[in-house]
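Colleague: Handing you this structure, nothing more for now.
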Amino acid sequence: MIRTEVLILGGGLAGLSTAYHLDRLGPRGRYLLVEKREKVGGRAATEERDGFHFDHTGHLLHLHDAYGKKLITGLLKGNLDSHERSTWIYSHGVETRYPFQANTFGLPQKVIAECLGGFFRARRLGRALSRNPSFGEWVEKTFGAGIEKHFMGPYNRKLWRTPLRAMTTEWQGRFLPTPKPEEVLYGALTDQKKFFGYNAFFRYPKHGGIQALPDALAARLDARGVALGRRVVSVDLRERVAVIEGIGEVRYERLVNTMPLPEFLDLASGLPAEARAARRRLRWVSVHNLNIGVARPRVSRAHWIYFPEKRFPFYRVGFPTNFSGNVAPRGTSSMYIEISRDPGTRIDRGALERASLDGLRAAGVLHRFDRVVSRLWIPIACAYVIYDRARTPAVATIMRHLKTRGASSIGRWGGWKYSFMEETILDGRDCARRLCGLPVETKTSRVPLQSLK
Ligand SMILES: Cc1cc2nc3c(=O)[nH]c(=O)nc-3n(C[C@H](O)[C@H](O)[C@H](O)COP(=O)(O)OP(=O)(O)OC[C@H]3O[C@@H](n4cnc5c(N)ncnc54)[C@H](O)[C@@H]3O)c2cc1C
């Protein structure tokens, strides 16, 4: 039986960052990181097909933390471009700027009137939010009925597949911009070119797609501690023994999980019934990501476009060739199309592809005679954690029990949260610090994020 001080499950950014920081904080050779794929990266991987580099939908670097920025820009030194976001919403036959609530200019006048009327009525009524409001209540009281009707409601229902009244506001405080009344008014009267939100600027590798980031982290690890193509099949949390395909039994002192929390709990034994019951309360949505290559350069000016209307099967479409000119053959464009479904739903890929291409033609993104020269479906079984009323107490219960077994669960899906690559890397750093008995700064998760240029 193999022994290791720290067993890390998963070679995505959370696992890689934990290993990277363990190496820097203490003696080397203390961990074994196991990853089921033959390459690192997890959801921050890039797949190559027909000369295209397809990420698992858009993976752009939004940097907000001084340490995160220093580490990531250092890892990708010489291989990073900065971009000012060009992001749009397609509805009522026109493209308007993101965010919808600050940019109704260009929409039909009746729609603008409904949005402004609702917004100022909500302000005039000044109804206080209840103590623990639902996302639906927050939307209605913050933006009013018109913005809810034309964007917030349909877009969020399409993505989350959950009634807004059943969701909490825990996740959105950092991500959704709340413009001032004068900005809402100005953005209805004119094409307001102001940047709002956590992702106003982003960085993206010049070469290699987002895979360049996990590869750069992995290149700094001791290769003897990294086992690729090795799937964890079971973990006995009481005995602290994991079974790994191709390796066998591994006895560990501390465990760091970065696999999606429900998947991990389903293969783990040694937790009490309370933790199992909490596991059953976790909910999420899957994303079916269709990537295509098109034989025409610059099919859009956008980095990505939101599609709130029901007639489009997708909620968002992005254009990687506008992030980097090196992710596709010369003279072509690439696009990622994101479709949300309940987990386990069987989809008809052929039908969805036809409906998606028809939708893109209807929106004027694709022309009638555009040729699709490459396609790649990437299923993301666990894509967005649903923040309903059950999520936070369930996660707290599970984490408490894992801690008593010397295990932690981190990252976007291990930590069961809505987050992004920089934060995932910081989760790995914090986990390594805890394993080394060092203090960790706790940050509030509700303060709006600001992009660092
Ligand atoms: C649709 C979508 C868009 C996103 N866009 C952005 C963006 O633009 N910018 C941004 O910053 N972030 C974005 N993110 C978030 C980003 O993907 C995550 O923050 C980050 O990749 C999380 O990394 P992780 O290590 O926590 O998880 P993962 O990347 O999932 O890593 C977990 C690893 O565990 C491995 N694993 C699973 N099961 C087993 C097993 N049984 N045995 C061994 N290994 C196993 C997996 O293969 C994987 O490599 C997006 C996420 C989604 C879903």
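First residue of the sequence shown: 9, per my numbering; consecutive thereafter.
All C-beta atoms in this analysis are idealised placements derived from N, C-alpha and C, irrespective of residue type, glycine included.
Quick caveat, the model's predicted, so the values are computed rather than measured.
Would you say the beta carbon of M267 is closer than 7 Å to some non-hydrogen atom of ligand 1?
Modeller: Because some heavy atom of ligand 1 lies under 7 Å away, the Cβ of M267 counts as near it: yes.
Colleague: With DSSP collapsed to three states, give me the class of R309.
Modeller: Three-state result, R309: coil.
Colleague: Output the distance between the C-alpha atoms of V42 and E145, rounded to the nearest integer angstrom.
Modeller: Spanning the two alpha carbons is a distance of roughly 43 Å.
Colleague: Under the criterion of a Cβ to heavy atom distance below 7 Å, does F428 qualify as lining ligand 1?
Modeller: Answer for F428: yes, Cβ within range of ligand 1.
Colleague: When every heavy atom of ligand 1 is checked, does at least one fall within less than 7 Å of the C-beta of K44?
Modeller: Because some heavy atom of ligand 1 lies under 7 Å away, the Cβ of K44 counts as near it: yes.
Colleague: Using three-state DSSP, classify F62 as helix, strand or coil.
Modeller: Residue state, collapsed to three classes: strand.
Colleague: Using the Cα positions of R289 and P328, report the straight-line distance between them to the nearest angstrom.
Modeller: If you take the alpha carbons of R289 and P328, they lie about 36 Å apart.
Colleague: Considering only residues of the region 86-118, which uninterrupted beta strand (DSSP E) runs meet the minimum length of 3 residues and lie entirely inside it, listed in chain order?
Modeller: Listed in chain order, the complete beta strand (DSSP E) runs (minimum 3 residues) inside the region 86-118 are 88-92, 95-99 and 102-105.
Colleague: Compute the minimum distance between the beta carbon of H91 and the heavy atoms of ligand 1, and state whether it is under 7 Å.
Modeller: Answer for H91: no, Cβ out of range of ligand 1.
Colleague: With DSSP as the reference, label A391 as helix, strand or coil.
Modeller: In the structure shown, A391 sits in a strand (DSSP, three-state: E or B).
Colleague: If we count the other Cβ atoms within 10 Å of its Cβ and call it buried at 16 or more, is D438 buried or exposed?
Modeller: Buried, because 16 or more other Cβ atoms sit within 10 Å of the Cβ of D438.
Colleague: Could you give the residue range of the beta strand (DSSP E) that holds S364?
Modeller: Counting along the chain, S364 falls outside any beta strand (DSSP E), though it belongs to the alpha helix (DSSP H) covering R357 to A370.
Colleague: In whole angstroms, give me the CA-to-CA distance for L225 and E122.
Modeller: So the two alpha carbons sit approximately 49 Å from each other.
Colleague: Looking at L21 and ligand 1, is the gap between the Cβ and the nearest heavy atom below 7 Å?
Modeller: Result yes, Cβ under 7 Å from ligand 1.
Colleague: Do G419 and G66 come within 8 Å of each other at the CB atom, strictly closer than that value?
Modeller: Cβ atoms of G66 and G419: not closer than 8 Å.
Colleague: Is it right to say C444 is buried, meaning 16 or more other beta carbons lie within 10 angstroms of its own, or is it exposed?
Modeller: C444 should be labelled exposed.
Colleague: Just the C-alpha distance for L384 and T54, rounded to the nearest angstrom, thanks.
Modeller: Going by the C-alpha atoms only, they are around 11 Å apart.
Colleague: Starting from Y314, follow its DSSP beta bridges and name the residues at the other end.
Modeller: Looking at the DSSP assignment, Y314 forms a beta bridge with I97 and R324.
Colleague: Near K318, which residues of its chain fall below 8 Å by C-beta distance, leaving aside the five closest residues on each side in sequence?
Modeller: P162 and K166.
Colleague: For ligand 1, any of its heavy atoms closer than 7 Å to the Cβ of I388?
Modeller: Yes, Cβ of I388 sits closer than 7 Å to a heavy atom of ligand 1.
Colleague: Out of curiosity, what's the CA-to-CA distance linking K201 and E190?
Modeller: Each residue's alpha carbon lies about 14 Å from the other.
Colleague: Could you name the residues that DSSP lists as bridge partners for G256?
Modeller: Bridge partners of G256: I252.
Colleague: Please report the straight-line C-alpha distance between A310 and E282, rounded to a whole angstrom.
Modeller: Distance between the alpha carbons of A310 and E282 is about 47 Å.
Colleague: Can you list, in chain order, the residues of its chain with a C-beta nearer than 6 Å to that of E261? Leave out the 5 residues immediately preceding and following it.
Modeller: If we look at E261 and ignore the five residues flanking it on each side, its Cβ neighbours are E13.
Colleague: Is E257 near ligand 1, going by C-beta to nearest heavy atom under 7 Å?
Modeller: No, Cβ of E257 sits at least 7 Å from all heavy atoms of ligand 1.
Colleague: Taking 7 Å as the limit between beta carbons, can you name the residues of its chain near K47, skipping five residues before and five after?
Modeller: Hits under 7 Å: A53 and L236.
Colleague: Once the 5 residues before and after P270 are set aside, which same chain residues still bring their CB inside 7 Å of it?
Modeller: The residues are R287 and L290.
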